[in-house]
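Peer 1:
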Amino acid sequence: MRILGIDLGRRRVGLALSDPSGILATPLETLDGRDRDALVAQLRSRVRELGVEEVVLGLPRRTDGTLGPEALATQKFAERLEQTLGLPIHLEDERLTTVQAHRSMREAGGRGAELRKAVDRVAAVLILQTFLDRRQPPPEDPW
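Mind the numbering: the sequence shown is residues 42 to 184 in this note's numbering, read in order.
1. Which residues mark the beginning and the end of the beta strand (DSSP E) in which E123 is found?
2. Count the C-beta pairs between the segment 76-94 and the segment 102-111 that are closer than 8 Å, then say yes if the count reaches three, no if not.
3. Using C-beta distances below 8 Å, list every residue in its chain close to G74, excluding the 5 sequence neighbours before and after it, in chain order.
4. Straight-line CA distance for L132 to A119?
5. Out of G99, D78, A112, which one is the CA nearest neighbour of R168?
6. Starting from D78, trace the alpha helix (DSSP H) both ways and give me its first and last residue.
7. Just reading off the beta strand (DSSP E) that S59 is part of, what are its end residues?
8. For a test of the three-state rule: what should DSSP assign to T171, helix, strand or coil?
9. If we ignore side chains and look at the alpha-carbon of each, how far apart do A159 and L173 end up?
10. Can you tell me which of the three DSSP states D48 falls into?
11. Starting from the C-beta of E70, find all residues in its chain whose C-beta is less than 6 Å away, skip the five residues before and the five after it, and write them out in chain order.
12. Roughly how many angstroms separate the alpha carbons of L128 and E111, rounded to a whole number?
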């Protein structure tokens, strides 16, 4: 089962995709997020093309866990996606994922425009991988 992870931003939207077994998230691409209608159309196309069955959308909670204007806008976008795609949309707490993604990319030597694009994909990977890890059953105790 393929699951699409989305880091929704005002300007850029990072995408990540799970492997067919739903264990590992990998970066996919960065889309322009300024035109939401065009974005929804692109996402619908990618979902069909890739055989996606579920979507995980990062929910930008405040550091204290409350929902601010960005989180409320994300919830509205999730509702729109669910109606358009007809797939389950899961909201995953994305607090500090962009900070983690920036740190990882800087440590890897990323700079400039390519860094900005890659950060959104890496943030989408972090969001999706967190979701996938929570769905995995705990390992059995070998003893």
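Each residue gets a CB set at the ideal place from its N, CA and C atoms; glycine is no exception. Model, not experiment: these values are computed from the prediction.
Peer 2: Considering the structure as presented:
1. First-last for E123: 110-126, but that is the alpha helix (DSSP H), not the beta strand (DSSP E).
2. no
3. L49, G50, R51, R52, R53, V54, L80
4. 8 Å
5. Going by the sequence as given, residue 168 is Ile instead of Arg. For I168, the nearest C-alpha among the options comes from G99.
6. 77-91
7. 53-59
8. It is helical.
9. 21 Å
10. strand
11. Excluding sequence neighbours, E70 sits near L56.
12. 22 Å
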